[in-house]
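What follows is a set of notes on a single structure, which appears directly below.
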Amino acid sequence: MQSKTSAFTLIELMIVVAIIGILAAIALPAFDLYIKRSKSSEVPQNMSALFRGAAAYYSRALTGKGITASGTGSCTVAGTGGTLPATPLSTKQKIDYGTHASFSGLAFSSPDPVYFGYGIVSISGTCGNTANGTLYTFYANGDLDGDGDLSTFEYACGSNNDNELYHSPGFYSIDEME
Numbered sequence: 009m010q011s012k013t014s015a016f017t018l019i020e021l022m023i024v025v026a027i028i029g030i031l032a033a034i035a036l037p038a039f040d041l042y043i044k045r046s047k048s049s050e051v052p053q054n055m056s057a058l059f060r061g062a063a064a065y066y067s068r069a070l071t072g073k074g075i076t077a078s079g080t081g082s083c084t085v086a087g088t089g090g091t092l093p094a095t096p097l098s099t100k101q102k103i104d105y106g107t108h109a110s111f112s113g114l115a116f117s118s119p120d121p122v123y124f125g126y127g128i129v130s131i132s133g134t135c136g137n138t139a140n141g142t143l144y145t146f147y148a149n150g151d152l153d154g155d156g157d158l159s160t161f162e163y164a165c166g167s168n169n170d171n172e173l174y175h176s177p178g179f180y181s182i183d184e185m186e
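If you're matching positions, the sequence shown starts at 9 in our numbering and goes up one per residue.
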């Protein structure tokens with residue numbers, strides 16, 4: 009006597025495969041967006057570190073050489089003239105920011121590899137800056153998916169009435185998930 013084993017028919021199997029395919033088609037774009045968000049999560053941390061370095065540099069008393077030199081403060085570093093690394097890639101890059109004078113002046117470093125290239129736009133790179141002015145714009149460019157289109161973040165900093173450094177309330181972004 010033959011025993012009957014239960015099994016799926018070909019049609020039932022094809023329906024299950026079609027349902028899995030539909031679910032995968034829905035999930036992949038959401039997963040891609042999640043990956044891009046996780047890659048761009050480095051930007052707020054690194055921009056905040058740049059601001060903290062700029063605030064410390066701005067409030068530090070600097071002087072010329074010699075006993076008769078006068079002291080001054082309210083100093084800014086020069087701009088970077090581009091991003092470091094110059095061309096952001098969709099993969100992480102290890103960058104030695106200590107080799108660039110502007111990043112070194114702000115004591116900025118990133119122990120981890122980065123997806124974004126970071127840059128500084130400065131009004132001068134001199135001392136004796138006065139209150140109520142825009143002093144820096146820190147920016148980051150990244151190519152999160154390798155298509156050549158860049159996502160950009162900016163963080164503006166200036167001096168207030170007390171000639172202390174402050175920053176914008178948030179990050180300005182262009183094509184954040186590009």
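Ideal Cβ positions, reconstructed from N, Cα and C, are used throughout, including at glycine.
Remember, predicted model here, so these are calculated numbers, not experimental data.
Here the alpha carbons of Gly154 and Thr142 stand approximately 33 Å from one another. Here Thr160 carries a strand assignment [DSSP, helix/strand/coil]. For Val129, the enclosing beta strand (DSSP E) starts and ends at Phe124 to Ser130. Distance from Ala69 to Gly81 at the Cβ level is roughly 5 Å; contact confirmed, criterion being Cβ atoms closer than 8 Å. Residue environment for Ala148: buried (at least 16 other C-beta atoms within 10 angstroms of its C-beta).
Under the three-state reduction of DSSP, Ser118 is assigned to coil, being neither helix nor strand. Collapsing the DSSP output to three states places Ile103 in coil. Apart from the 5 residues on each side of it in sequence, Asp170 sits with its Cβ closer than 8 Å to the Cβ of Ala139 in its chain, given in chain order. For Asn54, the three-state secondary structure derived from DSSP is helix. Contact between Tyr123 and Leu158 does not hold, since their C-beta atoms are separated by about 11 Å, which reaches or exceeds 8 Å.
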